[in-house]
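Visitor: Residue numbers (this note's numbering): 6 to 258. Built from N, CA and C at the ideal position, the CB exists for glycine as well.
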């Protein structure tokens, strides 16, 4: 009887261990893919680093990456990792944005959903010192619908105001109850979204900075009113706003 009990207990332990091992194995068999790769000197020693943008998708049928990161094998034979947020698409550019004569790692990740919002990241590895540099915050603006099927946007940083004629949408707005005989039924604000793009570009002479675009929407995400375009230059350890405008058309198209 004791032998049978021992065998039963032993079998139970083995089954439990096998079950735990199986769970562990499943957790470890994640497939990481290389989205893009490059070779460039980003430390300033004159030797190239191997740079990989990698992502871990949720599954074969799901294009969304739950984990994205930059893996850099430096010329000192050390590997440096830079973590990014998950998203549906990711890209990396090697460009000197902090103007220290060494190229930086600039990455953008497109979030999921129809909003088209991006998260951007800037890293430096000069002298093999890993450093994260903040990117410029999206511009804030006061925005609202006005009587007579109009909208107004005021950029807080510049105090410039812009008006939009929306009479071509009056039937749509009337149907949704926003207007009655050209008068607003109640005060209604617009939505100033975060960056949909934030790209390196020449912003002041031959100096490279970032140009960002933010979409302004009305009563729905598909109701695009206009776009705020801003250009930025990194000076004295911070981002300086060079120019800001409100446009009717998407400047990226």
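According to DSSP, is residue 82 part of a helix, a strand, or is it coil?
Guide: If DSSP states are grouped into helix, strand and coil, residue 82 belongs with coil.
Visitor: What is the DSSP secondary structure of residue 154, reduced to helix, strand or coil?
Guide: Of the three classes helix, strand and coil, the one that applies to residue 154 here is coil, per DSSP.
Visitor: The alpha helix (DSSP H) spanning residue 250 covers which residue range?
Guide: Note, residue 250: premise wrong, no alpha helix (DSSP H); beta strand (DSSP E) at 243 to 252.
Visitor: Just the C-alpha distance for residue 74 and residue 175, rounded to the nearest angstrom, thanks.
Guide: Approximately 46 Å, taken between the alpha carbons.
Visitor: Do you know offhand how far residue 115's Cα is from residue 96's?
Guide: Whole-angstrom Cα-Cα distance: 9 Å.
Visitor: Output the distance between the C-alpha atoms of residue 80 and residue 135, rounded to the nearest integer angstrom.
Guide: Rounded to the nearest angstrom, the two C-alpha atoms are 14 Å apart.
Visitor: Sort 246, 231, 123, 39 by Cα distance to residue 202 and report the nearest one.
Guide: Residue 202 has its Cα closest to that of 123, out of 246, 231, 123, 39.
Visitor: Residue 220 and residue 190 - do their beta-carbons sit closer together than 7 Å?
Guide: Result no, Cβ atoms of residue 190 and residue 220 do not sit closer than 7 Å.
Visitor: Is it right to say residue 108 is buried, meaning 16 or more other beta carbons lie within 10 angstroms of its own, or is it exposed?
Guide: It is buried - the Cβ of residue 108 has at least 16 other Cβ atoms within 10 Å.
Visitor: In whole angstroms, what is the alpha-carbon distance linking residue 55 and residue 120?
Guide: Going by the C-alpha atoms only, they are around 33 Å apart.
Visitor: Report the CB separation of residue 224 from residue 171 in whole angstroms; it is logged as a contact under 8 Å.
Guide: Actually they do not touch by this definition, with Cβ atoms about 11 Å apart.
Visitor: Which value, in whole angstroms, describes the spacing of the CA atoms of residue 160 and residue 144?
Guide: In a straight line, the C-alpha of residue 160 is about 7 Å away from that of residue 144.
Visitor: Looking only at its chain, what residues have a beta carbon closer than 7 Å to the beta carbon of residue 256, apart from the 5 residues adjacent to it on each side?
Guide: Around residue 256: 218, 232, 234.
Visitor: Tell me the rounded alpha-carbon separation between residue 69 and residue 60.
Guide: Taking the straight line from one Cα to the other gives about 9 Å.
Visitor: Using only alpha-carbon positions, find the residue among 51, 177, 207, 186 that is nearest to residue 228.
Guide: Measuring from the Cα of residue 228, the nearest candidate turns out to be 177.
Visitor: Per DSSP, residue 236 is paired with what?
Guide: Per DSSP, 216, 248.
Visitor: Note down the Cα distance separating residue 165 from residue 46, rounded to an integer number of angstroms.
Guide: If I take the Cα positions, the gap works out to 42 Å.
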